[in-house]
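**Student:** Letter 67 of the sequence shown, counting from 1, is numbered 933 in the working numbering, and no numbers are missing.
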Amino acid sequence: MLSERRLKVLRAIVQDYVGTEEPVGSKALTERHSLNVSPATVRNDMAALEDEGYIAQPHTSAGRIPTDKGYRLFVDRLAGVKPLSVPERRAITHFLDGAVDLDDVVGRTVRLLAQLTRQVAVVQYPSLTRSTVRHVELLALAPARVMLVLITDTGRVEQRMVDCPGPVGESAVADLRARLNSRVAGQRFTAVPQLVQDLAESFDAEDRGAVSAVVATLLETLVEETEERLVIGGTANLTRFGNDFPVMIRPVLEALEEQVVLLKLLGEATDPGVMVRIGHENEHEGLNSTSVVSVGYGSGDQAVAKLGVVGPTRMDYPGTMGAVRAVARYVGQFLAES
867 MLSERRLKVL
877 RAIVQDYVGT
887 EEPVGSKALT
897 ERHSLNVSPA
907 TVRNDMAALE
917 DEGYIAQPHT
927 SAGRIPTDKG
937 YRLFVDRLAG
947 VKPLSVPERR
957 AITHFLDGAV
967 DLDDVVGRTV
977 RLLAQLTRQV
987 AVVQYPSLTR
997 STVRHVELLA
1007 LAPARVMLVL
1017 ITDTGRVEQR
1027 MVDCPGPVGE
1037 SAVADLRARL
1047 NSRVAGQRFT
1057 AVPQLVQDLA
1067 ESFDAEDRGA
1077 VSAVVATLLE
1087 TLVEETEERL
1097 VIGGTANLTR
1107 FGNDFPVMIR
1117 PVLEALEEQV
1127 VLLKLLGEAT
1137 DPGVMVRIGH
1147 ENEHEGLNST
1157 SVVSVGYGSG
1167 DQAVAKLGVV
1177 GPTRMDYPGT
1187 MGAVRAVARY
1197 VGQFLAES
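1) Expressed to the nearest angstrom, what Euclidean distance is found between the alpha-carbon atoms of T1223 and E897?
2) By a C-beta neighbour count over all protein chains shown, 10 Å radius and 16 as the cutoff for buried, is V1126 buried or exposed?
3) Out of D1073, Q1025, Y1183, G1133, which one is the CA nearest neighbour of L1004?
4) Taking the beta carbon of M1027 as the centre, do at least 16 other beta carbons fall within 10 Å, making it buried, or is it exposed?
5) Under 8 angstroms, with one C-beta from each stretch per pair, do the segment 906-926 and the segment 964-975 reach the 3-pair mark?
6) From the DSSP output, in three-state form, read off R943 for me.
7) Say whether the segment 1138-1153 touches the segment 1078-1086, bearing in mind that this needs 3 or more beta-carbon pairs closer than 8 angstroms, one atom from each stretch.
8) Which of the three DSSP states, helix, strand or coil, is assigned to E1003?
9) Quick one: using the 10 Å Cβ neighbour count with 16 as the cut-off for buried, is P924 buried or exposed?
10) To the nearest angstrom, report how far apart G1177 and V1140 are at their CA atoms.
11) If contacts are defined as beta-carbon pairs under 8 angstroms, then V1039 and A1006 qualify, I think. What distance do you get, rounded to the angstrom?
12) Measuring CB atoms only, is the segment 940-952 touching the segment 1117-1132, in the sense that at least three cross pairs come out at less than 8 angstroms?
13) Kindly indicate the opening and closing residues of the alpha helix (DSSP H) around V1126.
14) Go ahead and label G1100 buried or exposed: buried means 16 or more other beta carbons lie within 10 angstroms of its beta carbon, across all protein chains shown.
15) Where does Q985 sit, in a helix, a strand or coil, going by DSSP?
16) Between L1129 and V986, is the Cβ-Cβ spacing less than 8 angstroms?
17) Do V999 and V989 have their C-beta atoms closer together than 8 angstroms?
18) Contact check, V1190 vs V1159 under 8 angstroms by CB: the rounded distance?
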């Protein structure tokens, strides 16, 4: 374990390097920070930090820069995340208050995160496998055609047309709607197939064909929509960090195009806490020069999806973690109220 003094020196190196993009020397550290020790002691501490792999000397520069290991210790020992300023909080509220549906709120969240952090923003749609049914609506459009509308607790709305084997009366549609909702409203999606498997048998013979068609369409909707969806924004922000990518930016951009890679980066949606992956902790080689900050969001205490940002390892971690966490909280409130 590092001594508190050396940890303080490491913190100062990370803060200066993130702020200036220049390797940090002992003289600059003693001038900018209240370390309360001599430059010679700081040099000794920096030599020890380098020996232990927390900082490194780039090329022939007299200064040092943090390594992935150094950033990891810095993040793990953070006393707290940086609180958002009043204008930032106001911007979040303004951005999300006008959202009309889930697609709109996801799109707005991506733009907001990219603007707040000046990184690449990634937002995962709420997964239906972790959602519950809020309501199933059935609308008779023609004698033998019904529209099925599935509404989730996260505000997701799915519409499907159902062609029935014969005419279905208004009263039969109303009866089916009531019985369907009595079984599935408030239930997890994973439980729905079991709950509706014998529904058709409870109806009169002449209505069973229509009931079976509606139930089949409902189950097909669940299967189709279990695929994870992501939205990404702010990719152009990476061009501001050309010097932070040792070879070129192209491998990073190629990795960001792969949805499976991004889902792995964000981590399991059921984990609601802030997660930070730094440099070589990212399995994909193209992302070894980046860090990922992600957090779960959802209505209530249940995380139904993840959102986060991808940027260079030279990142303002306290500020980025604060922004990501705050946006997730606002999106969760929107879902709870929608």
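Note that CB positions come from ideal geometry on N, CA and C, so glycine has one too. Here the structure is a predicted model, which is why all the values come from computation and not from measurement.
**Tutor:** Once the coordinates are examined:
1) With the chain represented from 867 up to 1204, any question about residue 1223 goes unanswered, as that position is not in the structure.
2) For the purposes of this step, residue 1126 is taken as residue 260 along the sequence shown, with counting starting at 1. That one is exposed.
3) What you label residue 1004 is simply residue 138 of the sequence shown in a count that begins at 1. It is Q1025 whose Cα lies nearest to the Cα of L1004.
4) Translated into positions along the sequence shown, residue 1027 becomes position 161. That one is exposed.
5) Result no; under three Cβ-Cβ pairs closer than 8 angstroms.
6) For the purposes of this step, residue 943 is taken as the residue at position 77 of the sequence shown. Reduced to three states, the DSSP call for R943 is coil.
7) With the cut-off at 8 angstroms, the segment 1138-1153 and the segment 1078-1086 do not touch.
8) In the sequence shown, residue 1003 corresponds to position 137, counting from 1. Under the three-state reduction of DSSP output, E1003 falls in the strand class.
9) One-based indexing of the sequence shown puts residue 924 at position 58. It is exposed - the Cβ of P924 has fewer than 16 other Cβ atoms within 10 Å.
10) The residue you call residue 1177 lines up with position 311 of the sequence shown. The residue you call residue 1140 lines up with position 274 of the sequence shown. If you draw a straight line from the Cα of G1177 to the Cα of V1140, it is about 16 angstroms long.
11) Here residue 1039 corresponds to residue number 173 of the sequence shown, with the count starting at 1. Here residue 1006 corresponds to residue number 140 of the sequence shown, with the count starting at 1. About 5 angstroms; that satisfies the 8 angstroms criterion.
12) No, they do not touch.
13) In the sequence shown, residue 1126 corresponds to position 260, counting from 1. It spans 1125-1132 - the alpha helix (DSSP H) in which V1126 sits, taken as one unbroken run.
14) If you number the sequence shown from 1, residue 1100 lands on position 234. Within 10 angstroms of the beta-carbon of G1100 lie 16 or more other beta-carbons, which makes it buried.
15) Here residue 985 corresponds to residue number 119 of the sequence shown, with the count starting at 1. Coil at Q985, not helix or strand.
16) Working through the sequence shown from its first residue, we reach residue 1129 at position 263. Working through the sequence shown from its first residue, we reach residue 986 at position 120. No, the Cβ-Cβ distance between L1129 and V986 is not below 8 angstroms.
17) Within the sequence shown, the letter at position 133 stands for residue 999. Within the sequence shown, the letter at position 123 stands for residue 989. V989 is positioned such that its CB atom lies no closer than 8 angstroms to that of V999.
18) In the sequence shown, residue 1190 corresponds to position 324, counting from 1. In the sequence shown, residue 1159 corresponds to position 293, counting from 1. The distance from the Cβ of V1190 to that of V1159 is about 5 angstroms, consistent with a contact at the 8 angstroms cut-off.
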